[in-house]
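Have a look at the structure below before the remarks.
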Amino acid sequence: MDKEKALEILGLREDASSEEIEKRILVLYKKFKQGSQDSRGYTIEDVEKAYKTIRGITYTDVEEEKRKQRRKKHPNPLFKLLNVDEDKARNFIYYYKWYGVAILLTIAVIVSMIYPLVNSAEPDLKIIIGGNLFISDTQIIEEEISSITNGSINALVQNIYFPENRGSPLEMGMHSKFTVEVAAGKIDIFILDEEKYMQFSNQGAFLPVEEVLGDISLLGIDMQLNEDLLVSPISDKEEKLYGIDISDNQLLREAGVKGKRMILTFGYSGENLDNTINFVNKLLK
Numbered sequence: 302m303d304k305e306k307a308l309e310i311l312g313l314r315e316d317a318s319s320e321e322i323e324k325r326i327l328v329l330y331k332k333f334k335q336g337s338q339d340s341r342g343y344t345i346e347d348v349e350k351a352y353k354t355i356r357g358i359t360y361t362d363v364e365e366e367k368r369k370q371r372r373k374k375h376p377n378p379l380f381k382l383l384n385v386d387e388d389k390a391r392n393f394i395y396y397y398k399w400y401g402v403a404i405l406l407t408i409a410v411i412v413s414m415i416y417p418l419v420n421s422a423e424p425d426l427k428i429i430i431g432g433n434l435f436i437s438d439t440q441i442i443e444e445e446i447s448s449i450t451n452g453s454i455n456a457l458v459q460n461i462y463f464p465e466n467r468g469s470p471l472e473m474g475m476h477s478k479f480t481v482e483v484a485a486g487k488i489d490i491f492i493l494d495e496e497k498y499m500q501f502s503n504q505g506a507f508l509p510v511e512e513v514l515g516d517i518s519l520l521g522i523d524m525q526l527n528e529d530l531l532v533s534p535i536s537d538k539e540e541k542l543y544g545i546d547i548s549d550n551q552l553l554r555e556a557g558v559k560g561k562r563m564i565l566t567f568g569y570s571g572e573n574l575d576n577t578i579n580f581v582n583k584l585l586k
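Each residue of the sequence shown is one higher than the one before, counting from 302 in my numbering.
Next up, the structure:
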């Protein structure tokens, strides 16, 4: 696919900024969640190919396709250990190659702490603690979730930490990883700092709270505390609550989550609704 075709599929100008590309991808992923094709006949696969073309991470030569097939049969032990899709990881590394070894080493350290071992059971609740919130050991929260749900939920908790140091290689790398997870990671719950919550909720990245939990007045949620979290996304003119302030949550603080304000919100591509509701109801008690 050439760049001109990719721009057409994504509906972008040639001089579109990185931020505009990411916003557009989020919008298109939401759009294709409602149907297999758009009015022009393009599919989600077309969108993904166009995105990779714009980002300069496409692989089209025959030899590379053969290597990809070999990687599927004989996966790299490191990527397998970290439970990371090898092709996506290689594409990510290719795009950020100009930032050099610093990014690779930093990401490797962080990822090694936040991804489960290959042989762990398939998670049935996916959570990301992100933005300017940090936790040194996500397994503590995973174990707490299992405990408060009597072992009925096997959660996967990731920490994608990208603080306010804008423009650094790590910040840019983590921001792109986070954007991919929001769009296609099938994440059920996000716990974010206020800035990242407002940034992504305004882009329409999350589900309204009441769409997931129902009437929030029945849950004892303090609307006065959450009034400033009401948002009118670019895709919806109606102001709704997309996040809940859980800054004083005892479980998360005792597990070691560091940061000021913590906002809980719901991923658009999450697939474990029952477990999401079960966990959040217990978390808010």
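We put the CB at the ideal spot given by N, CA and C, even for glycine.
A check of alpha carbon separations from residue 499 across 566, 488 and 472 identifies 566 as the nearest. Across the structure, residue 324 and residue 547 are spaced so that their CA atoms are roughly 27 Å apart.
Residue pairing for residue 481: DSSP places it in no beta bridge. Out of 503, 436 and 577, the CA that lies nearest to the CA of residue 555 is found in 436.
Under the three-state reduction of DSSP, residue 463 is assigned to coil, being neither helix nor strand.
Using a Cβ-Cβ distance cut-off of 8 Å, the stretch 470-484 and the stretch 528-535 are not in contact, since fewer than three pairs of beta carbons, one from each stretch, lie closer than that value. A direct Cα-Cα distance of roughly 9 Å separates residue 516 from residue 510.
By the Cβ-count criterion, residue 575 is exposed, with fewer than 16 other Cβ atoms from all chains shown falling within 10 Å of its own Cβ. Residue 326 places its beta carbon 9 Å or farther from that of residue 308. Annotation for residue 302: 350 and 354 place their beta carbon closer than 6 Å to its own, counting only its chain and skipping 5 residues before and after. In this structure, the CA atom of residue 535 is about 15 Å from the CA atom of residue 569. Per DSSP, reduced to three states, the secondary structure at residue 557 is coil, with no helix or strand assignment. Exposed is the label assigned to residue 440, since fewer than 16 other Cβ atoms lie within 10 Å of its Cβ.
The Cβ atoms of residue 461 and residue 454 lie no closer than 9 Å to each other.
Counting the other Cβ atoms within 10 Å of the Cβ of residue 573 gives 16 or more, which makes it buried.
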